[in-house]
Amino acid sequence: MIYRTLLFLFFALTLTCSIQAQFKPAGTEYTLVWQEEFENSGQVNPESWSYEKGFVRNSELQWYQEPNALVKNGKLVITGKREQIKNTKYDPESNDWRRNCEFAEYTSSSINTRNKYEFRYGIVEVRAKIDTAMGMWPAIWTLGISKPWPSNGEIDIMEYYRVTGQATILANAAWADEGAYNAKWDETKILFSEFLNKDPEWPSKFHLWRMEWTEKTIKLFLDDELLNEVDLARTINPDGFNPFHQPHYILLNLAIGGNGGDPKSTVFPKEYVVDYVRIYQKRL
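Under mature numbering (1 follows the signal peptide of the UniProt record, and there is no 0), residues -21 to -1, 1 to 263 are what the sequence shown spells out, in order.
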């Protein structure tokens, strides 16, 4: 009995140490300040996440709705489906694409931490598996809490879509240029074929996306490979406001169509799976 107890304590201690170890980013000056391990079951934690609903942006094809984002087996699963759904805001006389389309032919989900968890500077780590089929546009990104887009600032920790017809991994930042809704971009675009050449099984695996955000730079990584480094000395809006010196919130979504390409020939459903989201900041 004593042996069993000691053995149990040994394994418990080993497991605890293992869990604690996985929470340490590079550099000992950082500590874990927020995490989403998706350990519940069903819908996402409403204390941390909100849902976008309906047609939202970019003339995309999907209708965002809550049932397409579910937590199961310790992971968030955002499912893209081919299914027709009535546009509850349909108005045939409207000039707004979000209102003048009577039906959506696809559904998906988009969640964010706006007004629930916002942060300025630190390290963000997201472990996820993306579907790279035609029409898919998964993303891990942030938006600033004040001012309209793009004056609020956008950080694309991960985007996958098609650029001139070629599947591409992107790591970007955007801020305001002259004129309403005009953005300046600091972009990195890497053909997805480069990742497939290194690992033909890449789409079936989980990968680690990381952002290191300080007062001076934003660095964006994929599996510890630096994709983009943004100098915040030049990310100044025309009014002098720097959107990357304000708090941001996190968004996770799977868009369909638009830059993702035409999904007509794609077999649905499709899944975008997120294992965890972790945020670290410097110790005070």
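For glycine and all other residues, C-beta sits at the position ideal for the given N, C-alpha and C.
| query | result |
| --- | --- |
| Here's the rule I'm using: 16 or more other beta-carbon atoms within 10 Å means buried, otherwise exposed. How should K243 be labelled? | exposed |
| Where do the N-terminal and C-terminal ends of the beta strand (DSSP E) with F171 fall, by residue? | Counting along the chain, F171 falls outside any beta strand (DSSP E), though it belongs to the alpha helix (DSSP H) covering 171 to 177. |
| With DSSP run on the structure shown, which of helix, strand or coil describes G114? | coil |
| Evaluate contact between the segment 137 to 154 and the segment 85 to 99, counting only Cβ atoms and requiring at least three cross-stretch pairs below 8 Å. | no |
| With a 10 Å radius around its C-beta and 16 neighbouring C-beta atoms as the bar for buried, classify G53 as buried or exposed. | exposed |
| Pick from E173, A118, S87, S29: whose alpha carbon is nearest that of Y43? | S87 |
| Would you be able to state if there are at least three C-beta pairs under 8 Å between the segment 102 to 122 and the segment 248 to 257? | yes |
| Using DSSP with H/G/I as helix, E/B as strand and the rest coil, what is E16? | coil |
| If you follow the beta strand (DSSP E) that A155 is in, where does it begin and where does it stop? | 145 to 155 |
| So what does L49 bridge to, in DSSP terms? | V56 |
| State the start and end residues of the unbroken beta strand (DSSP E) segment that holds H186. | 186 to 192 |
| If you draw a straight line from the alpha carbon of P179 to that of F171, how long is it in whole angstroms? | 11 Å |
| Taking the alpha carbon of K177 as the point to measure from, which residue in D202, Q14, T214 has its own alpha carbon closest? | D202 |
| Quick one: what does DSSP say F223 is sitting in, helix, strand or coil? | helix |
| So who's on the other strand from S89, going by DSSP bridges? | N232 |
| Do Y85 and Q41 count as a contact pair if the criterion is CB distance below 7 Å? | yes |
| Less than 7 Å between the C-beta atoms of I119 and W28, yes or no? | no |
| Just to confirm, is the Cβ distance from residue 264 to A48 under 7 Å? | Missing from the structure shown is residue 264; the chain here goes from -21 to 263 and no further. |
| Just verifying my parser: in three-state terms, what is the DSSP assignment at W181? | helix |
| When we look at the beta-carbon of H224 and count the other beta-carbons within 10 Å, is it buried (16 or more) or exposed? | exposed |
| Identify the residues that DSSP records as bridge partners of T196: which are they? | D210 |
| Identify whether G33 lies in helix, strand or coil by the three-state DSSP scheme. | strand |
| For L205, is the classification buried or exposed, using 16 other Cβ atoms within 10 angstroms of its Cβ as the cut-off for buried? | exposed |
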